[in-house]
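Anchor point for the sequence shown: position 13 equals 14 in this note's numbering, and the numbering is continuous, going up by one each time.
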Amino acid sequence: MPKNIEIKARIPSKQKVENYHNLLTQSCGQAEIIHQHDTFFNTEKGRFKLREFFGDEQKKKEPELIFYERNDENGPKLSDFIQVNLGNKSEGIKEVLSCAYGVKGCVGKKRTLYIYQNQTRVHIDEVENLGDFIEIEVCLRDNQTEDEGKEILINLSKYLDISNDDLIEVAYLDLL
2 MPKNIEIKAR IPSKQKVENY HNLLTQSCGQ AEIIHQHDTF FNTEKGRFKL
52 REFFGDEQKK KEPELIFYER NDENGPKLSD FIQVNLGNKS EGIKEVLSCA
102 YGVKGCVGKK RTLYIYQNQT RVHIDEVENL GDFIEIEVCL RDNQTEDEGK
152 EILINLSKYL DISNDDLIEV AYLDLL
């Protein structure tokens, strides 16, 4: 199962959003804009969602089913996940999963994605009804330890000047 080390933080001001975009463009290059809608389903463990993509630029992106387990704790945390591309079958699958498990909630967002050093995904998210957030995911390689991933994440967090006071423990869904 693939693993990430990740943090998520609230961005306290539009000026800080702009600062993040400027710093990330300097260190990562051009960003990709992604419009996503996540439908979360009830589960006994972890989180399970259908991710759909919207907008003209998203027509080539296939919907995904994503299951992940992650402790709700402040600071860097390990996330184990499984991700499956669905092709064009999302509507039928969404209906089946909604009937079988029930919908826990939905989250819509505009995500600006930067790739840092070919291993780390940095998202600046405008989340509907919640505001602006930054999320950093260090995708661990097979031969890489959790501590090595945390070191990358901590160094990038310092570079971006992410305050510990702005870190959040939970998924966007839990904040709604």
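Beta carbons are placed, not taken as given, at the ideal position from N, Cα and C, and that holds for glycine.
If you run the structure through DSSP and keep just helix, strand and coil, what is residue i?
| i | result |
| --- | --- |
| I12 | coil |
| L177 | coil |
| N156 | helix |
| K178 | Not covered by the structure: residue 178. The range shown for the chain is 2 to 177. |
| N5 | strand |
| E53 | strand |
| K78 | strand |
Taking the beta strand (DSSP E) that residue i falls in, what are its first and last residues?
| i | result |
| --- | --- |
| D39 | E33 to F42 |
| L66 | E65 to R71 |
Would you grab the beta carbon distance between residue i and residue j for me? Rounded to a whole angstrom, and I think it's under 8 Å.
| i | j | result |
| --- | --- | --- |
| L66 | L79 | Actually they do not touch by this definition, with Cβ atoms about 21 Å apart. |
| F42 | V104 | 6 Å |
| Y115 | V123 | 4 Å |
| D73 | E170 | 5 Å |
| I163 | I135 | 7 Å |
| N130 | L174 | Between L174 and N130 the Cβ distance is about 11 Å, and since that is not below 8 Å, they are no contact. |
| E70 | G47 | 4 Å |
| D39 | V97 | Incorrect: roughly 17 Å between the Cβ atoms, too far for contact. |
| K110 | Q16 | Contact doesn't hold; Cβ gap of about 20 Å is too wide. |
| G76 | L168 | 6 Å |
Can you say whether residue i is buried or exposed, counting buried as having 16 or more other CB atoms within 10 angstroms of its CB?
| i | result |
| --- | --- |
| Q84 | exposed |
| R142 | exposed |
| E138 | buried |
| N156 | exposed |
| E19 | exposed |
| P3 | exposed |
| Y21 | buried |
| Q31 | exposed |
| E7 | buried |
| D126 | buried |
| A10 | buried |
| K61 | exposed |
| N5 | buried |
| S158 | buried |
| T121 | buried |
| P13 | exposed |
### Query
Which residue spans inside the region 81 to 150 form an unbroken beta strand (DSSP E) run of at least 3?
If one requires a minimum length of 3 residues, the beta strand (DSSP E) runs lying completely within the region 81 to 150 are 104 to 117, 121 to 128 and 132 to 140, in chain order.
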